[in-house]
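Visitor: I have a structure I would like to understand better, so I am pasting it below and will then ask my questions one at a time.
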Amino acid sequence: YRGYVNHKVTVNYGLDSREEGAFVEIGGPIRYKVLMNLSNMDFFLSKYSEDEAGNKILDSSMGGVAAYAFLSNLPYVDGERMAVSGHSMGTWASWSVAAAYSGKTIAPKAVVLQAGELFTQDAYDSGNIRFNNVLLLTAKWDEFSMFRDYSKQTVNDSVIRDEVSSAFLGVPFGTGQWNTTYGDFADGSARRRELVLTNHRLLTHDKRAIAATIDWLDQAIGIETDLKRTDQVFALKEVLVLIATISAIASMFALMMLLLEVPFFRYISHPEAVAERAEKVKTGWSWWKGAIITILIAGLSYPFMTQLGHGLLPLPETSVFRMTIGNGFLSWYLFLIIVMLVTTLIPGRKAKKAGRPLDFCDLGLSTPEKKEGFDWVLFDKSALLVLVMVGFMYALCELCEALFKLDFRFIWPFFKGFSWERLLQFLVYLPFFLLFFILNNSKIFAQMQNSGADKKGFKGFLSCWWRNALLMAILLLILIEYIPFFLGLGPGADLLFSPTFGGPFMSLLIVFAPQVLVFSILCTIAYRR
714 YRGYVNHKVT VNYGLDSREE GAFVEIGGPI RYKVLMNLSN MDFFLSKYSE DEAGNKILDS
774 SMGGVAAYAF LSNLPYVDGE RMAVSGHSMG TWASWSVAAA YSGKTIAPKA VVLQAGELFT
834 QDAYDSGNIR FNNVLLLTAK WDEFSMFRDY SKQTVNDSVI RDEVSSAFLG VPFGTGQWNT
894 TYGDFADGSA RRRELVLTNH RLLTHDKRAI AATIDWLDQA IGIETDLKRT DQVFALKEVL
954 VLIATISAIA SMFALMMLLL EVPFFRYISH PEAVAERAEK VKTGWSWWKG AIITILIAGL
1014 SYPFMTQLGH GLLPLPETSV FRMTIGNGFL SWYLFLIIVM LVTTLIPGRK AKKAGRPLDF
1074 CDLGLSTPEK KEGFDWVLFD KSALLVLVMV GFMYALCELC EALFKLDFRF IWPFFKGFSW
1134 ERLLQFLVYL PFFLLFFILN NSKIFAQMQN SGADKKGFKG FLSCWWRNAL LMAILLLILI
1194 EYIPFFLGLG PGADLLFSPT FGGPFMSLLI VFAPQVLVFS ILCTIAYRR
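Residue 799 in this note's numbering sits at position 86 of the sequence shown, with consecutive numbering throughout.
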């Protein structure tokens, strides 16, 4: 449910009957309710898994039970030497798969939970359901409270010694230790909670976590290999593909610079406008006042507006807007679009009443020669240039996938070829994102142009870029979230706004912040050209 998938997930959440097979795709508040209660797993006792109306999640494995059965029947798979693993929401699926096959010959011989939630034995029929050899990998700086045993603080020794951890490890209350194996692999009672110095999303790529997983599986099912558990070449591959990604982006901008020398596209480039309008540039406190207001509005609205779009925004989610995380950003962007329109139009009206007509060049929406109105020729040629650049990048992406079976990525996919369905989803969100970035860059590079804009060379680039990056409000979010986190107090968003406004979108900062920094660099390069 988090993010878009090619295969639709359908559920029966008390709306239609199982007997009739009338399963429905749910959206809005109902889907949000399901999403926020996925830890109520289908093998729990009814008092924990059903509400007063008898509604419950029918398959908390999210298809994992069927997938596990399929794998166990493959001719080259030993169905009696299998294990199951998952990350985050996938850990609930892993618990569910292990519960479904408990007592059967193909029952998982090990369960590896990467950032998972623990529960006490009175939540399910512990007399008939057994989980074999469970390893729980816990991230020191996990942003989700349920994966910190609902502790408000950063993960510390109180977590390994709490009631639920003690029951999980099978030790007296308060005596559990990190990175220590309890129980016996032979009878399936082995338990271990590994503390890994990373955050929620990076746990899947942490070398220590992977080494611990390999060692655990080796002891549980026997891995016949000469490779050492520390021999992990994937990290080198990720770095090399990151270099390929950066090279591809650089080649796209090299193409842009070549095209700007073509007479047809030369109309787009007007570097002289910066020097000619230097007297209009805000400096000192005048600039910083606007910057601080921008940072506060964008940064402080992020936890609330993204969570609003996480199932509560009135959108046709089941048919059109299918990206859960995308809807969170859509909600935030729509709010910021309204703010930017208001803060652009009101000063414009005031200027017009004072006899000073709105200068569209000052808004970055026209050339100096056509400053009286929106320059459609500039817009059309800029859009065409962007289409050529994106088309070039897409061709590189498709070529890379076809020849090397790799997408451009670093830990998570960044550029990937479209299926028809994914293309349609891309087009659904594109108009909103285009409007946001046009207005956003108008604000940053034109209306809030800084005093370093007319400086030459790399020094000029840095002078222009660092303040533009600051305006993105990401630094404020990072400071709010991670300073108290690293001090051991807990995630900042949880402390300030409650865990409801932490979780997915605050943990997304580890992905979003580098992307925004790259975006700001690319936007600054394009602006200065």
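C-beta: ideal position from N, C-alpha, C; glycine also.
Using a Cβ-Cβ cutoff of less than 6 Å, which residues in the same chain neighbour H1023 once the five nearest sequence positions on both sides are dropped?
Guide: G1041
Visitor: Would you call the region 842-854 and the region 897-908 in contact, with 3 or more CB pairs under 8 Å?
Guide: They touch, by the three-pair rule.
Visitor: Over what stretch of residues does the beta strand (DSSP E) that includes R905 continue unbroken?
Guide: For R905, the uninterrupted beta strand (DSSP E) run begins and ends at 904-912, by DSSP.
Visitor: So, using beta-carbon positions, are A961 and M1106 closer together than 8 Å?
Guide: yes
Visitor: Across the region 937-945 and the region 824-835, are there enough close Cβ pairs to call them in contact, namely three or more that are closer than 8 Å?
Guide: no
Visitor: Nearest by alpha-carbon distance to I936: which of A796, F1087, L1140 is it?
Guide: If you compare the alpha carbons of A796, F1087, L1140 with that of I936, the shortest gap goes to A796.
Visitor: What would DSSP say about V825, mapped onto helix, strand or coil?
Guide: strand
Visitor: Taking C-alpha atoms, which residue in E876, S759, S1014, Q1162 lies nearest to F1261?
Guide: Here the chain comprises residues numbered 714 to 1242, so residue 1261 is not present and cannot be evaluated.
Visitor: Which residue comes first and which comes last in the alpha helix (DSSP H) that contains W998?
Guide: Counting along the chain, the alpha helix (DSSP H) containing W998 begins and ends at 997-1021.
Visitor: Check the C-beta distance from K853 over to T911 and give it rounded, since I have them as a contact under 8 Å.
Guide: 7 Å
Visitor: Would G776 be called buried (16 or more neighbouring beta carbons within 10 Å of its own) or exposed?
Guide: exposed
Visitor: Buried or exposed for P1193, please, with buried defined as at least 16 other CB atoms from any protein chain shown within 10 angstroms of its CB.
Guide: In the sequence as presented, Pro is not what sits at residue 1193; that position holds Ile. Burial call: buried.
Visitor: Which one or two residues does DSSP pair with Y837 in a beta bridge?
Guide: In the DSSP secondary-structure assignment, Y837 is bridged to F757.
Visitor: According to DSSP, what are the bridge partners of L850?
Guide: Partner(s): Q827, E907.
Visitor: Please state whether DSSP places F857 in a helix, a strand or coil.
Guide: F857 falls in the coil class under three-state DSSP.
Visitor: From the DSSP output, read off the bridge partner residues of H800.
Guide: Q827
Visitor: How about the region 867-874 and the region 800-813: do they share at least three Cβ pairs that are nearer than 8 Å?
Guide: no
Visitor: Cβ atoms of I1008 and A1186: under 8 Å apart, would you say?
Guide: For A1186 and I1008, yes; Cβs fall inside 8 Å.
Visitor: Can the beta-carbon of E857 be found less than 8 Å from the beta-carbon of S1220?
Guide: The amino acid at residue 857 is misidentified as Glu; the sequence shows Phe. Yes, Cβ-Cβ distance for F857 and S1220 is below 8 Å.
Visitor: Between the C-alpha atoms of A1004 and T1056, what's the straight-line distance to the nearest angstrom?
Guide: 13 Å
Visitor: Give the single residue among S785, G799, H800 whose Cα lies nearest to the Cα of E793.
Guide: Ranking S785, G799, H800 by Cα distance to E793 puts S785 first.
Visitor: In angstroms with no decimal places, state the Cα-to-Cα distance between F862 and W808.
Guide: With the sequence shown as reference, residue 862 is identified as Asp, and Phe is not the correct amino acid for it. Cα to Cα, the separation comes out at about 16 Å.
Visitor: Return yes when the Cβ of L850 is within less than 8 Å of the Cβ of A963, no when it is not.
Guide: no
Visitor: Beta-carbon separation of M970 and R1242 under 8 Å?
Guide: yes
Visitor: Please classify R1122: does DSSP put it in a helix, a strand, or coil?
Guide: strand
Visitor: Would you mind stating whether D1273 and K993 have Cβ atoms separated by less than 8 Å?
Guide: This structure cannot settle anything about residue 1273, because the visible part of the chain is limited to 714 through 1242.
Visitor: On the DSSP bridge list, what partners appear for Y895?
Guide: R904
Visitor: Taking buried to mean at least 16 other C-beta atoms within 10 Å of its own C-beta, is D838 buried or exposed?
Guide: exposed
Visitor: Which residue marks the beginning of the alpha helix (DSSP H) containing M1102, and which one marks its end?
Guide: Residue range 1089-1117 is occupied by the alpha helix (DSSP H) that includes M1102.
Visitor: Just how far apart, CA to CA, sit Y726 and P1217?
Guide: For Y726, the predicted structure reports a pLDDT of 39, less than 50, and the residue's modelled location is therefore unreliable. A value from the coordinates is still provided. In a straight line, the C-alpha of Y726 is about 23 Å away from that of P1217.
Visitor: What number of angstroms, rounded off, separates the C-alpha of S762 from the C-alpha of T1019?
Guide: 28 Å
Visitor: Measuring alpha carbon to alpha carbon, tell me which residue in V1231, F1146, A880 is nearest A836.
Guide: A880
Visitor: Rounded to the nearest angstrom, what separates G1104 and W805 at their Cα positions?
Guide: Distance from the CA atom of G1104 to the CA atom of W805, rounded to whole angstroms, is 40 Å.
Visitor: Please name the residue, chosen from L915, V790, V884, A933, that lies closest to A823 on a Cα-to-Cα basis.
Guide: Shortest Cα-Cα distance from A823 to any of L915, V790, V884, A933 involves A933.
Visitor: Look at S1164 and T996 and say whether their C-beta atoms are less than 8 Å apart.
Guide: yes
Visitor: According to DSSP, F1128 sits in a beta bridge with which residue or residues?
Guide: F1121
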